[in-house]
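Note sheet for the following structure.
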Amino acid sequence: MNWKAIFKIQGIILIILAISMCLPLGFSLYYHSGDANDLLLSIGITLVTGIILAASFHPDRPLKTREGFVIVSLGWISAAVFGALPFYFNGVFGGNFIDCVFETMSGFTTTGATVLTNIEVVAKGILFWRSLTHWLGGMGIILLAIIILPALGLSSTQLFRAEVPGPTKDKISPKVKDTAVILWLIYLGLTVLETVLLMFGGLDLFTALCHTFGTLATGGFSTLNASVAGFGSLYIEMVILVFMFLAGTNFALHFFLIQGRLGEVLRNREWRFYAGMVLIAILLVTISVFRSDVGYDLGTSLRYASFQVVSIVTTTGFVTANFEIWPVFSKILLILLMFAGGCAGSTGGGMKQIRIMIGGKFVLKEIRKLTYPKGLFTLKIGKEKIGEGVMKNVIGFIILFVGLFAIINLFLTFRGYDIVTSFAASIATLSNIGPGLARVGAIENYAFFDNISKLVLTFSMLLGRLELYSVLIFFYYLFNPKKIH
Amino acid sequence: MNIVIVGGGELGSMVAEQLISENHNLTIIEKSEKQAKFLNDSLDARIINGNGNEVKRLLQANIEKADLFLALSNNDDVNIICCGLVKKHSKATTIAKVENYVHYFPGPPNLPSDFGIDETVATKQLSINKIMELISEPDAMEHIHYIRENVKVIGTVINEKFYGNGMKLKDITSQNDIWQKVRIIAINKDNTVTIPGGEDVLNTGDKVYIIGRSNVLKEIIGLYFATKVKIKSVVIIGGNRIGREFAKRVVAEGRRVTIIEEDERVCERLTEELDNVLVINGSGTNQDILSDLDMENSFVACVTGNDEHNIISAVLAKKNHAYKAVCNISNVAVSSIINQVREIDSVFSTESLAFGEIIRFCRKGDILSVTPVPYIDAETIKIKISKKIALLNKPLSKVKLPKGMIVGAIFRDDEVIIPYGDDEIKLNDIIIVFVLPESKKQAEKLFA
């Protein structure tokens, strides 16, 4: 194992983390919210650790495939641990470090599951850091590190693969570094745009930024106890809805759009599938809610249904209505949508639309193969052939995803939580959504879980964000170092 | 530069790796899905899985914006055609690998430019030239020839009759002034390659690499390393591609030639095409066939398309008293391992030769050429000094050079200097440096 490279890159990640912590410090000083010292202390510890690591290790050979996975997983874990420091020093969770790590991991993995019971009393600086973790994790901390790694003479091809979601990792530019720059610039552009639009709706810079981070990272942390519902503004809901949808789209498509290749975007099969799924789900939920005894009129039904569906499919987890009281059909549909998630190459979590498509087509192919045993069938998405390797990888992923979901679910019920809560909490963390049903429902939080369950859920979020394999490989090597093969 | 490569095989990926390390933007079109996936995982480049002679794929690779297009697939037809296709969409300079050059372009009016090809790399020709060099000076096992300056790097083995056995280098060189005109740039002792100093000792079996003017080197070989063996016969193992062409050349030189080829139909064609050549149908790894031949004082060239086959044949041939055995190896990674097989005198790799050529064409900057020395996994690099770098105008002995690097020659105006400690590098010199792999990064930094 190339520990020198692993530690050096950890150091760089921590330095990036420390620099980004300076942003909430600005807000803290502006609002005199009294958390500046906590932030400063966190910045100090993170920066010093980062500099020591980065300066004392000099890798002497390039990265191997497995080391890429280890670096990425370890990077996310150390980001969650060091990112938890501001919460810890500020004492928002009464000194329970596990709560702090849960909240930070929930932020970085863009889950948005919170253990805060009263958000609005938390100091502004800390609150801003909480939202900023979303933004950093959405496009990827490692992807940010990739931009500066080549300058340090480290190759980053192995890292790109381990962090960017989706079964095939298309680079929009020949170089990984340039790809990372383009993706971050698009991300930054969308952030500025949404912030400005939200400020038009009457939000101050702080609130607008926090919600923008939550939206574009498909995270879901709000600065209000009632989430987006707290604004009670149709305009703000619509802005957030549109940007959630954009964030759930493959960022390569945004790049095509900027280049004026609209046709390519519209022809993209995954995007069409994604848009179609969203529209049909909105329609079904609207009808279901409208016909039920919740008491919405048609317009309100459409408003809440569309926001909630987009929020769930993109794995954001913002809430405008307490869907806990909606008819069971709607709730089950929302839960099932949680498995789907955004497009490959988006900031959304879940299994990803493309995998659902490939999985579905695989089943159809098998059916046709059984009817015509000698027939030959190729799996295609649009005009592109899906190779045997990708197909197997996708099927394996789906099985693993459902399997891990089942194990986490089983564990939570073992700890004594009820069936709906366990089911919803498992998928809501694994798919990086946030709110689920019952005790983790739309207006609830995760504070009541015991510490061990919280750790498992933290792990579940990390699994979901890094698409299972990276994390599993990391733990495989950690606990099985002698039998490495 | 934006560079598009068609074909990500042995040669393509080797070229890609070099160009990526020089910070170019690469897109590779690779036909095999498996290879494409492998490349995607290992190279910092965009990989497209598809045929390079399909316009759709070329456009997908952003060919309009490319500055350089390299057609390096294993299929000459594809390489030639895609250059033509590219020229219609792009202003990129096109370079095609054409293995069987004469087949397509025997001479005017048939020219590569008809197909939009700016430069060709005729790989078969490169290999033939290499073997011809090896056979013309059988006592040197490695040749790098800088034709314009008439400077060579040769490699040779210290035999037991050499006067300097067990002596320090500085004592050896003080015996005859001729040593001052050349420089020993590397010694390979028991498979570890070092750049020697005056205190290093030479022993029987060591391989030394010497740089100098061609005529001086010839004199040194004649004085100290010639075994005075006259090569009477040539045995060629593998009758395809290179083997046939090589046979024609050596027959013309009046040597006795035997070709051993497994494929019966290829054998038949060989007998039709070649006169005065003994064609044997069988495997070069077959002990019986080899022992039937009179191999005393023969030169054996193993040039089948199969590396393992070539290695085994070469070793067997030496066991049957062949004088020299040389191997063609396509997997460059193993060529340094073959170094450990004492029976094989020289290794050459068509891919390495083509690599050197291609990189030379890709140069716009200061590095004029990179020539791999596959036998010891090192490189000789020819660099033009056009910037003011730190080591200029100082005696070389005062400059701190990386351990695995040595300046072998300096070309100033029309003068060739084989530098020792007192010589200096000046602006606008062209220099040849010899670099071991562990110092490559440092060396690059030094001249950047």
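Chains as they are written, first to last, in the working numbering: chain V, 1 to 485; chain G, 1001 to 1448.
Virtual Cβ for every residue (Gly too), placed ideally from N, Cα, C.
Option nearest residue i by Cα separation, candidates the options
| i | options | result |
| --- | --- | --- |
| residue 1165/G | 1195/G, 1149/G, 1391/G and 1225/G | 1225/G |
| residue 1418/G | 1347/G, 1257/G and 1433/G | 1433/G |
| residue 962/G | 1244/G, 1030/G and 1208/G | Any property of residue 962/G remains undetermined from this structure, which presents chain G solely from 1001 to 1448. |
| residue 1073/G | 1359/G, 1349/G and 1096/G | 1096/G |
| residue 424/V | 440/V, 319/V and 300/V | 440/V |
| residue 44/V | 25/V, 242/V, 133/V and 32/V | 25/V |
| residue 273/V | 361/V, 290/V, 235/V and 298/V | 361/V |
| residue 1158/G | 1171/G, 1175/G and 1201/G | 1201/G |
| residue 407/V | 422/V, 3/V, 62/V and 202/V | 422/V |
| residue 319/V | 328/V, 307/V and 313/V | 307/V |
| residue 1114/G | 1084/G, 1295/G, 1314/G and 1139/G | 1084/G |
| residue 1070/G | 1119/G, 1302/G and 1269/G | 1119/G |
| residue 1399/G | 1446/G, 1002/G and 1196/G | 1446/G |
| residue 1267/G | 1249/G, 1240/G and 1296/G | 1240/G |
| residue 160/V | 61/V, 395/V, 65/V and 59/V | 65/V |
| residue 14/V | 158/V, 29/V, 82/V and 38/V | 82/V |
| residue 1198/G | 1420/G, 1443/G and 1431/G | 1420/G |
Short CB-CB distance (under 9 Å) between residue i and chain G
| i | result |
| --- | --- |
| residue 161/V | yes |
| residue 65/V | yes |
| residue 178/V | yes |
| residue 388/V | yes |
| residue 175/V | yes |
| residue 131/V | no |
| residue 158/V | yes |
| residue 171/V | yes |
Secondary structure of residue i, DSSP reduced to three states
| i | result |
| --- | --- |
| residue 1409/G | strand |
| residue 344/V | coil |
| residue 1325/G | strand |
| residue 1155/G | strand |
| residue 1110/G | strand |
| residue 252/V | helix |
| residue 227/V | helix |
| residue 34/V | coil |
| residue 1162/G | coil |
| residue 1168/G | strand |
| residue 1367/G | strand |
Nearest-angstrom Cα separation, counted from residue j out to residue i
| i | j | result |
| --- | --- | --- |
| residue 333/V | residue 128/V | 33 Å |
| residue 359/V | residue 1371/G | 49 Å |
| residue 1150/G | residue 1369/G | 15 Å |
| residue 1013/G | residue 1174/G | 46 Å |
| residue 1130/G | residue 1219/G | 21 Å |
| residue 1291/G | residue 1005/G | 46 Å |
| residue 349/V | residue 315/V | 6 Å |
| residue 1042/G | residue 1232/G | 48 Å |
| residue 1415/G | residue 1349/G | 32 Å |
| residue 1049/G | residue 246/V | 28 Å |
| residue 1412/G | residue 1425/G | 9 Å |
| residue 49/V | residue 10/V | 10 Å |
| residue 391/V | residue 289/V | 37 Å |
| residue 1264/G | residue 254/V | 60 Å |
| residue 1382/G | residue 1441/G | 16 Å |
| residue 270/V | residue 190/V | 21 Å |
| residue 387/V | residue 1437/G | 37 Å |
| residue 263/V | residue 341/V | 24 Å |
Proximity test, Cβ basis, 9 Å: residue i and chain V
| i | result |
| --- | --- |
| residue 1049/G | yes |
| residue 1413/G | no |
| residue 1057/G | no |
| residue 1037/G | yes |
| residue 1044/G | yes |
| residue 1002/G | yes |
| residue 1027/G | yes |
| residue 1171/G | no |
Residue i Cβ short of 8 Å to the ligand ADP heavy atom set
| i | result |
| --- | --- |
| residue 354/V | The ligand ADP is not part of this structure, which contains no ligands at all. |
Residue i - partner residues in DSSP beta bridges
| i | result |
| --- | --- |
| residue 1145/G | 1152/G |
| residue 1281/G | 1261/G |
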